[in-house]
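Okay, structure first, notes after.
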Amino acid sequence: MELGYRRVNLVWFKRDLRCVDHEPLARASAGPVLPLYVIEPEYWLLADTSERQYRFLLDSLRDLAEQLARRGQPLWVCVGDAVSVIQDLVERFDVDAVFSHEETGNGWTFARDRRVGAMLRGRAVAWHQYRQHGIVRGLGQRVNWASQWEALMAAAQWPVADLRGPGAGLFQLPDDLPMSERTPCRVQRGGSAAGTRALDSFLAERGRDYTRAMSSPLSAGRACSRLSPHLALGTLSLRATVTRLRSTDADDASWARSYRSLDKRLHWHCHFMQKLESEPRMEFEPIHRGFIDLKTEPADPVTLQRWIDGETGWPFVDACMRSLAATGWMNFRMRAMIVAINAYHLWQPWQGAAQRLAQRFVDYEPGIHYSQIQMQSGTTGINVNRMYNPIKQSRDQDPDGDFIRRWVPELAGYNSSWIHEPWKAPANLQRAGGARIGEHYPEPIADPVQSARVARDKMRDYIRTHDLDAEARRVLAAHGSRMKQPRPRSSPRTSTAAQNALDFGD
Ligand SMILES: Cc1cc2nc3c(=O)[nH]c(=O)nc-3n(C[C@H](O)[C@H](O)[C@H](O)COP(=O)(O)OP(=O)(O)OC[C@H]3O[C@@H](n4cnc5c(N)ncnc54)[C@H](O)[C@@H]3O)c2cc1C
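And the structure:
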């Protein structure tokens, strides 16, 4: 190993796998730099991580290694516990300081950062952590948060410097590791180059009908930006993305609408992540403490399995779940629907479902994920509770049943009159359709209308018999958006004293 420099600044890459607009790298490059990524086997055994996320990571690390090599330094990739790996490097080199972005991760990464911090303090090595995205560490209330976000997005990007440093190091990139979840999947390509291509094609071609096409799973895969895994692993800088978007001229009103809509969503990205940053316990329990006793029974494993496997007997829900299993991605509306179905129609706790779903998302971003899960499960106390009728969604978003036929081939022989509720088809039509319900395709897990009514009653009773207002005010002050949002029109509401239709997500 060539040790050109013994004194180095160690840049620890985490969920920020790029060189562009990278404050820790830019600052550290005032001196010799050792760029490091640690593959942590224990992380990949967690109940919310999966092989598909790891595949995206591998692409992104290869791409980052090329970016760094072009700037004069190789990326070091080490496998092991982050504390041991960094400690080992601190002992082998004269590390001036460690530079990284702040990470808003899950409870495991939060605890790991504490261990790394303690180890570095014990060795008197400084650890400089910088803001990534628009998230503010140690934020009290949300006042001025939106203007801070705007200021950060408007600030100059960090320049990309040429790097000097110790040169060749370790590049351990295991193609495989023991994983907690391995459902095969066509994974979206990782790395900054692929992220830039996704942004380019959205801004120039794919995005024209964004606002109209984003709700149906038939059109959303192409019409949405598909930036989510790139923002989750930081292969794109959020600020660079916002800057690029805002400097692109809209050719007509349709493009202008698309660009405005994407801009708003890039703001939501941080708005939701801020919630987990400010209150990490929300990964495990309701953000509104008054809802901790809403569901005291553990999840029913059979129901959970039917839900995640797409075997509920509700064709559109099953098509969404099977499509997610195969592609690693789902549009916003369908994510909201499947979570609401777990929480209301199936009356299951959200925690286990949240982990199983996280594993299916290539773009798993804990801050967005847990905030959205709670919002769609009715445990924030400050949002309108939305119960999606799976049959209405099916008829609205897939009227001809094409999406269902694609992902639930058992029902390929059903026409659009019966495909949304095949169990209602007479026996001779079921025979003609080639799938008898209960034999070739499951009976519906519940009556969709009746189960929604029961859930609505349970929610109403719970809210009536619990004192929820003071905690709702606390949640609103700490996490509520200060932007006025229109009340959603089409979704049923559960009226609650604790609810303020202030938040968004649709
Ligand atoms: C239950 C549930 C769980 C979710 N879990 C995740 C997750 O783990 N990771 C994730 O990135 N997104 C998550 N989302 C938000 C949203 O569904 C995805 O960001 C979006 O579908 C990703 O596709 P896209 O990049 O093409 O999105 P676009 O619609 O093109 O949006 C562009 C970007 O804006 C941000 N964004 C869009 N919608 C939202 C939203 N409602 N809230 C916060 N940010 C948003 C994302 O960063 C997204 O990449 C979740 C939504 C729900 C309802």
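Taking UniProt numbering, I'd label the letters of the sequence shown as residues 1 to 506.
Glycine is no exception: its CB is placed at the ideal position from the N, C-alpha and C atoms.
Note that this is a predicted model, so its numbers are computed, not measured.
Distances taken from the Cβ of residue 143 to the heavy atoms of ligand 1 include none shorter than 6 Å. Contact annotation: residue 340 and residue 388 have beta-carbon atoms nearer than 7 Å. Runs of the alpha helix (DSSP H) lying entirely within the stretch 322-406, each at least 4 residues long, are 332-340, 350-360, 366-377, 390-397 in chain order. Residue 356 has its alpha-carbon roughly 29 Å from the corresponding atom of residue 64.
With at least 16 other beta carbons inside 10 angstroms of its own, residue 51 counts as buried. Annotation for residue 428: the continuous alpha helix (DSSP H) segment containing it runs 427-433. When DSSP assignments are scanned along the stretch 49-85, the uninterrupted stretches of beta strand (DSSP E) that are 3 or more residues long and fall wholly within it turn out to be 76-79. Counting other Cβ atoms within 10 Å of its Cβ, residue 225 reaches 16 or more and is therefore classed as buried.
Contact residues of ligand 1 (beta-carbon closer than 6 Å to any heavy atom; chain order) are 214, 224, 225, 226, 227, 228, 231, 232, 262, 265, 266, 268, 269, 272, 331, 332, 335, 336, 339, 361, 363, 364, 365, 368, 369, 372, 373, 376, 505.
Here the alpha carbon of residue 200 sits roughly 15 Å from the alpha carbon of residue 238. If the five residues before and after residue 394 are omitted, its C-beta is found closer than 6 Å to the C-beta atoms of 316, 420, all from its own chain and listed in chain order. According to the DSSP assignment, residue 293 belongs to no beta strand (DSSP E), since it is labelled neither H nor E. Counting other Cβ atoms within 10 Å of its Cβ, residue 278 reaches 16 or more and is therefore classed as buried.
Within its own chain, the residues whose Cβ lies closer than 6 Å to the Cβ of residue 274, once the five positions on either side in sequence are excluded, are 135, listed in chain order. In this structure, the straight-line span from the alpha carbon of residue 362 to that of residue 196 is close to 17 Å.
For residue 215, the closest C-alpha among the options 170, 337, 118, 105 is that of 337.
Distance from residue 93 to residue 6 at the Cβ level is roughly 6 Å; contact confirmed, criterion being Cβ atoms closer than 8 Å. Distance check between residue 272 and each of 96, 79, 105, 194 places 105 closest, using alpha-carbon atoms only. The alpha-carbon of residue 218 is positioned some 31 Å away from that of residue 454. If you ignore the 5 residues before and after residue 82, its C-beta comes within less than 7 Å of the C-beta of 38, 40, 112, 116, all in its own chain and listed in chain order.
For residue 349, the number of other beta carbons within 10 angstroms of its own is at least 16, and it is reported as buried. Contact between residue 131 and residue 102 holds: CB atoms are separated by about 6 Å, below the 8 Å threshold. Judged by their CB atoms, residue 290 and residue 466 are nearer to each other than the 7 Å cut-off. Non-local C-beta neighbours of residue 23 in its own chain, meaning closer than 6 Å and more than five positions away in sequence, comprise 130, 158, ordered along the chain. For residue 157, there is no enclosing beta strand (DSSP E), as DSSP marks it with neither H nor E. Annotated as proximal: residue 258 and residue 207, with beta-carbon spacing under 7 Å. Just so you know, the alpha carbons of residue 187 and residue 204 end up roughly 23 Å apart.
Between residue 333 and residue 376, the alpha-carbon positions lie close to 11 Å from each other.
Per DSSP, residue 130 is one residue of the beta strand (DSSP E) stretching across 126-130.
When the beta-carbon positions are compared, residue 319 and residue 404 come within less than 7 Å of each other. Cα atoms of residue 213 and residue 432: separation of roughly 33 Å, rounded to the nearest angstrom. Straight through space, the alpha carbons of residue 396 and residue 43 are spaced by roughly 40 Å. Rounded to the nearest whole angstrom, the CA to CA distance from residue 14 to residue 324 is 26 Å.
When secondary structure is reduced to three states using DSSP, residue 135 falls in the coil class, being assigned neither helix nor strand.
Linking residue 155 to residue 245 through their CA atoms gives a straight-line distance of about 15 Å. Here residue 402 is exposed, its C-beta having fewer than 16 other C-beta atoms within 10 Å.
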